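Take a look at the structure below.
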Ligand code: HEM
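Shown next as structure tokens:
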């Protein structure tokens, strides 16, 4: 007797999407550290640019995973990827156009928010934080969902 559940693969994809969105968030924090380190002459910006490229690729994977298995997270994931592309452009033209370069760190903040929103599956970052703290369930299908209002 085989009990196939079509929800299981989609749940796995949703979980992968959530984890990778958090990886982008963590990578964004790392980018602030690497930028600060470079600004104070601890290193060049090479590591920062390299990690930024890796995060951009991961953000694209996050968007693809949202399309495949977490449709409610598509808007936030598309926003995240769009902001990452913009971040690359702002970083590249910053030397010749300082006004645009000045927007690069600010856009970095937006990226952190978008990554949290994507991880939340489209809900606000605040609700995600609450859900992470309160939710007792770790089942793939419940990834990122807030604990019920009646819980515990
Ligand atoms: C989520 C946060 C961030 C991400 C994802 C990110 C990503 C990137 C990427 C991909 C590049 C390479 C652009 C290119 O040349 O093609 C870059 C360059 C740069 N970033 Fe960021 N960045 C972030 C935050 C910051 C912050 C907070 C600063 C603070 C000053 C900063 C300063 C710079 C500078 C100065 C460059 C140019 C480096 C160079 O000329 O080689 N970045 N960033």
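Numbering (our numbering), first residue to last: 211 to 362. Ideal placement from N, C-alpha and C gives every residue a C-beta, glycine not left out. Please read these numbers as outputs of a predicted model, since none were measured by experiment.
Check                                                                                                              : Outcome
Is residue 225 near the ligand HEM - that is, is its Cβ less than 7 Å away from at least one heavy atom of it?     : no
Can you tell which of 325, 332 and 253 has its C-alpha closest to the C-alpha of residue 238?                      : 325
At what residues does the alpha helix (DSSP H) containing residue 283 begin and finish?                            : It is not in any alpha helix (DSSP H) - residue 283 carries neither H nor E in the DSSP assignment.
Are there 16 or more other CB atoms within 10 angstroms of the CB of residue 272, so buried, or fewer, so exposed? : buried
Does DSSP put residue 242 in a helix, in a strand, or in coil?                                                     : helix
Is the beta carbon of residue 298 less than 8 Å from the beta carbon of residue 262?                               : yes
DSSP state of residue 213, grouped into three classes?                                                             : Confidence is the limiting factor: at residue 213 the pLDDT is only 45, short of 50, which leaves the residue's position unreliable, though a coordinate-based value still follows. Residue 213: coil per DSSP, three-state reduction.
Along the alpha helix (DSSP H) that carries residue 277, what are the first and last residues, could you check?    : 256–279
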